[in-house]
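Each residue of the sequence shown is one higher than the one before, starting from 578 at the first, in this note's numbering. Note that the Cβ used here is the ideal one computed from N, Cα and C, for glycine as well.
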Amino acid sequence: MNYFHGEQIMSWLNSVNLAGEYVSLEVLTMAHLEGLKEAVLDGESWRLWYANVPAPDMMETYVKKAIQGTQDGNIAFAVRCLKTQKVVGTTRFYHVDEKNKRARVGYTWYAQSVRKTPINTECKLLLLCHLFENHSAMAVEFRTHFFNQGSRRAIERLGAKQDGILRCDQIMQDGSMRDTVVYSILGTEWPAVKNHLKSKLN
Numbered sequence: 578m579n580y581f582h583g584e585q586i587m588s589w590l591n592s593v594n595l596a597g598e599y600v601s602l603e604v605l606t607m608a609h610l611e612g613l614k615e616a617v618l619d620g621e622s623w624r625l626w627y628a629n630v631p632a633p634d635m636m637e638t639y640v641k642k643a644i645q646g647t648q649d650g651n652i653a654f655a656v657r658c659l660k661t662q663k664v665v666g667t668t669r670f671y672h673v674d675e676k677n678k679r680a681r682v683g684y685t686w687y688a689q690s691v692r693k694t695p696i697n698t699e700c701k702l703l704l705l706c707h708l709f710e711n712h713s714a715m716a717v718e719f720r721t722h723f724f725n726q727g728s729r730r731a732i733e734r735l736g737a738k739q740d741g742i743l744r745c746d747q748i749m750q751d752g753s754m755r756d757t758v759v760y761s762i763l764g765t766e767w768p769a770v771k772n773h774l775k776s777k778l779n
């Protein structure tokens, strides 16, 4: 399976498209805007008070800000379902720490129609392969809202371990305070996690 292809740029994490059997991760551009607007309407995830998902009328600002993040070494992707060829969500590397070879994976959301399918599992397999095998990362981190039980279960199913909870870590758009649950996968754990993810896909 070919997981890595595309043009490389000079940074710790190469800005490349990643492709698997079920999904392709395309470096985010404004050309993905309309597809993301359509995807977010499927399930209306922006209505979940504990999730940071943009409403359709905020999507342009969201995409522009994500693209600007490349100046700090972050990489955002549009998620495309290979079966339908539709954009079904987005994810990204952020808080990229070149010195310590760490990065966070997050800002992930999908259309309702592709949840509980191989899409998320293969997305994470592609992203983690890129970090650990192409760039020798020491660790990858995932963060989510304490009350986002769906996200927490999805992260735990990947094989990530909980590091702790940051109390009153972030002010949400509605003014409530977010307690953030922090998970991680270490480079030494990657071979076992990789086998786990591939077995889930099979």
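| Item | Value |
| --- | --- |
| Spatially closest choice to arginine 679 from Val665, Asn651 and Lys660, by CA coordinates | Asn651 |
| Where asparagine 772 falls: helix, strand or coil (DSSP) | helix |
| Neighbourhood of serine 776 by C-beta, 6 angstroms cutoff - its chain only, sequence neighbours within 5 removed | none |
| Contact the stretch 657 to 668 vs the stretch 742 to 754: 3+ CB pairs below 8 angstroms | no |
| Residues that DSSP places opposite leucine 708 in a beta bridge | Paired residues: none, contrary to the question. |
| Cysteine 700 versus lysine 676 - alpha carbon distance | 25 angstroms |
| Reduced DSSP secondary structure (H/G/I, E/B, other) of valine 656 | strand |
| Expected contact under 8 angstroms - CB spacing of asparagine 697 and tyrosine 684 to nearest Å | Actually they are not in contact, since the Cβ atoms of asparagine 697 and tyrosine 684 sit about 14 angstroms apart, beyond 8 angstroms. |
| Own chain residues within Cβ distance below 7 angstroms of methionine 587, not counting five before or after | With a pLDDT of only 44 at methionine 587, under the threshold of 50, the placement of this residue in the model should not be trusted; the figure read from the coordinates follows. Same-chain partners within the cutoff: there are none. |
| The stretch 639 to 656 touching the stretch 620 to 628, judged by at least three CB pairs closer than 8 angstroms | no |
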